[in-house]
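Asks: The sequence shown maps to residues 860 to 1074 in the numbering used here. No residue lacks a Cβ here, since even glycine has one placed at the ideal position from N, Cα and C.
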Amino acid sequence: MTIQVTAAYEQLAKREPVLARLIEEYGEVDPFGWSDERMETSNFAAMVLHIVGQQISTKVAFVLFDRVLAAAGGKVVPESLLALTPDQLRECGLSRAKASYLLDLAQRQADGRIDLENMTGLDDAEAVAALTAVRGIGLWSAQMFLLAQLHRTDILPAGDVGIRRAVEKAWGLAELPVVKEVEALAVPWAPYRSYAAALLWRSLSPSAEAQPALA
């Protein structure tokens, strides 16, 4: 475990007794320690996977992504996607909407309206704004990109059902908290909210990696 991870959890433990208990129970979870080979090829390919995975299981998302990969000639890049028609993408199992989202993303990357491979100069808010300007990329997908690809340290996807369930369980709430309640609870955790998110996900599946679903 790196010094940075340990320091982050030390601060979280001081600020929130419930998180201190979870750290004792589940350890110091590295929010950037999980990945998949499909997400390591490029930031563009990773965002394609995030879009493909919206509203379906991770297992199915990987199957559909691999079909897109094959249709694109073995390499998911803007040029290979733009060479495909919406119908060809739909033959991979994508909905009409997701096919249009992927083509919009590819066109924006190709013409420079967005550069997924070079976003380090943008702060979190700027990066989220750039991503959510693309059709089909909502706040959750943008936040997951900042976590998984950009390794930003202060991202808590409060709208994620897993995060909300973990908060409900850990704080002993009577019902699932709404997004604004989770956001308010997490304010004191800045600038280490990515670590808190990883810990909360792990608390739901302690025997697994701290990896959320794709959507």
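1) State the CB to CB distance for the pair residue 981 and residue 989, rounded to an integer number of angstroms; the pair is presumed to be in contact (CB under 8 Å).
2) Between the beta-carbon of residue 891 and the beta-carbon of residue 1006, is there less than 9 Å?
3) With a CB to CB cut of under 8 Å and the five nearest residues on each side skipped, what residues in its chain are close to residue 957?
4) How many Å lie between residue 922 and residue 928 at the Cα?
5) For the alpha helix (DSSP H) holding residue 901, just list the boundary residues, first then last.
6) Within the same chain, show all residues whose beta-carbon is closer than 6 Å to that of residue 1000, passing over the 5 residues directly before and after it, in chain order.
7) Considering only residues of the same chain and omitting the five flanking positions on each side of residue 966, which have a CB-CB separation below 7 Å?
8) Work out the CA separation of residue 862 and residue 1060 for me, nearest whole Å.
9) Closer than 8 Å is the cut-off here; do at least three beta carbon pairs connect the segment 868-878 with the segment 1032-1039?
10) Would residue 1053 and residue 1013 qualify as a contact pair, given that the criterion is a beta-carbon distance under 9 Å?
Replies: Inspection of the coordinates gives the following:
1) Contact between residue 981 and residue 989 is confirmed by a C-beta separation of about 6 Å, below the 8 Å threshold.
2) Contact flag set, yes.
3) Contacts found: 910, 911, 913, 948 and 995.
4) Taking the straight line from one Cα to the other gives about 10 Å.
5) DSSP places residue 901 in no alpha helix (DSSP H); its state is neither H nor E.
6) Once the five neighbours on either side are set aside, the close Cβ partners of residue 1000 are 909.
7) Once the five neighbours on either side are set aside, the close Cβ partners of residue 966 are 941.
8) C-alpha separation (whole angstroms): 21 Å.
9) In short, these stretches do not touch, since the Cβ pair count stays below three.
10) Yes, they are a contact pair.
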